[in-house]
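In my numbering, the protein residues as written are 222 to 758.
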């Protein structure tokens, strides 16, 4: 044993057994890791589905986030356990790749680990369990492909399926009261920048801005760019038609010497000379802007009141302190060139837009600049409104998920049906594969089927239904009718047919969930020794 002291100088004894506890091996290590990962999964379980609950996350600084997005919850949780961090990264991978299904993938991984723990208690080797799960995963992936339907949509008019799929994603979100309008906004935004022929969507052309105040249903899609800035002078024009913009990264001020200098002004005449020289530089800059045909100036840097006044006199509305990312987006959208020196200004480098207008919000002094009908791009901005900052941020996350789902459908237009229908169909197929398997693998394959059943059970539980009763009824109905579209009726619509309820999910999103969950569970099962820094013995 050894004696150590705390920060107040009080001694306490650590026994040898406690010192060695920083290293765990064998079955104890596997169970310890499974318990840590399942604790994370259990937190997200109640957030699954259209009736899932939200979580309030409070940061050390006191910032509050209210959300039911799996990736956001885990990101804000500051998980420290090494294996539990794997589930955080799993959810993040799903979010990066697919954008939706971040809660479902963690719940599935937790269910697989729960089944694996039961098999470990029965004496099955972890490697055999991992191999059985891999076999079952292949069966599930094939089944998902078999039960998927291909949907047709058109960029200009027939977007009904896209809207219905986006609505399914938004059903569990805080904005579900206005889910049809929000889904339509998400679809319109994605289709505005989509290249359907190449199955590609340029997400960089979609900008999302939020402004607290107003109602959620006032959220709108603007065919252009919105920046959180205003016109630099209150007397300048607030709306510019057929705008031709100078996009500047150089400061709107006289040049400064590159070496240290000191200027002594001892008389009024000296000051007048300095002022006249400054005026000359300012007038020359304004004249260069006017000479190239510009009727508006957008500058990355600030400029003083003198320059602002001269721009007003010259009839050049201006915007200052525009961020680099926004400046680049404006340049791409308007077909302009970012200019680093006034001497390089020319008509060919001007950005062109049909209309630039300043928008005011309510009785506050909050203003934003809207650049519409851009010349070279279909860039769009979603302007999100809400009662407070938390609602606006959650609405932005929800719309991002919906847009990701629409993007996935543009890339691969195959869908499966929600409400746990796809999981139940996979569970039935995997159970049949377990019956055909020989040896110990059949235990792991059947356990995989039981884990898949846990997803519709969680949906039923969160909807206030009896999980086991609902699952057995839907499963029996699927087998009797040979209809893989039957799922849990979470919204009490009176039918279990998810095709009739129009509950759609993307095939690639569902396949990604099953694959990622299986891979992470295999990785956790194969860890049989946890060695902390300095604990090797």
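All C-beta atoms in this analysis are idealised placements derived from N, C-alpha and C, irrespective of residue type, glycine included.
If you compare the alpha carbons of 708, 353, 436 with that of residue 723, the shortest gap goes to 708. When the beta-carbon positions are compared, residue 563 and residue 500 stay at least 8 Å from each other. Here DSSP, grouped into helix, strand and coil, assigns residue 390 to helix.
CA-CA distance, residue 729 to residue 587, rounds to 42 Å. If you draw a straight line from the Cα of residue 416 to the Cα of residue 422, it is about 6 Å long. Taking a 10 Å sphere around the C-beta of residue 534, we find fewer than 16 other C-beta atoms and assign the residue as exposed. Taking residue 503 as reference, the option from 473, 666, 485, 494 with the minimal CA-CA separation is 473.
Only exposed fits residue 339, as fewer than 16 other CB atoms lie within 10 angstroms of its CB. Each residue's CA atom was taken as its position, placing residue 675 and residue 690 some 13 Å apart. Under the three-state reduction of DSSP output, residue 300 falls in the coil class, being neither helix nor strand. Taking 3 residues as the shortest admissible run, the region 622 to 647 contains the following complete beta strand (DSSP E) segments, listed from N- to C-terminal end: 635 to 638. The Cβ atoms of residue 345 and residue 742 lie no closer than 8 Å to each other. The DSSP-derived three-state label of residue 266 is helix. DSSP places residue 474 outside any alpha helix (DSSP H), giving it a letter other than H or E.
Excluding its 5 nearest sequence neighbours in each direction, residue 451 has C-beta neighbours in its own chain below 7 Å: 579, 588, 590, listed in chain order.
In this structure the region 476 to 490 does not lie against the region 432 to 442, because fewer than three pairs of beta carbons, one per stretch, are closer than 8 Å. Leaving aside the five residues that flank residue 380 on each side, the residues in its chain whose CB is nearer than 7 Å to its CB run, in chain order, 374, 408, 412. Straight through space, the alpha carbons of residue 458 and residue 260 are spaced by roughly 58 Å.
Within the same chain, and ignoring the five residues on either side of residue 519 in sequence, the residues whose Cβ sits closer than 6 Å to its Cβ are 466, 468, 540, 543. A check of alpha carbon separations from residue 646 across 364, 285, 299 identifies 364 as the nearest. Beyond the five residues adjoining it in sequence on each side, residue 714 comes within less than 7 Å, by CB distance, of 722 in the same chain, given in chain order. A distance below 8 Å separates the beta carbons of residue 577 and residue 461.
In terms of Cβ geometry, residue 513 and residue 604 do not form a close pair [threshold 8 Å].
In terms of CA proximity to residue 545, 561 leads the group 532, 561, 293, 315. According to the DSSP assignment, residue 578 belongs to the beta strand (DSSP E) that extends over 572 to 581. Non-local C-beta neighbours of residue 680 in its own chain, meaning closer than 7 Å and more than five positions away in sequence, comprise 269, 270, 640, 641, 709, 711, ordered along the chain.
By the Cβ neighbour-count rule, residue 398 is exposed, with fewer than 16 other Cβ atoms within 10 Å of its own. Counting along the chain, the unbroken beta strand (DSSP E) around residue 429 starts and ends at 427 to 433. In this structure, DSSP gives residue 374 a state outside helix and strand, which the three-state scheme calls coil. Contact between the region 685 to 702 and the region 343 to 358 is absent: fewer than 3 CB-CB pairs across the two stretches fall below 8 Å. If you look at residue 338, you'll find it in the alpha helix (DSSP H) that goes 323 to 343. At a Cβ-Cβ threshold of 8 Å, residue 272 and residue 619 do not count as neighbours.
In the DSSP assignment, residue 588 falls within the beta strand (DSSP E) that extends over 588 to 595.
DSSP places residue 541 outside both helix and strand once states are collapsed to three, so it counts as coil.
Residue pairing by DSSP puts residue 727 in a beta bridge opposite 636.
For residue 662, the enclosing alpha helix (DSSP H) covers residues 662 to 683.
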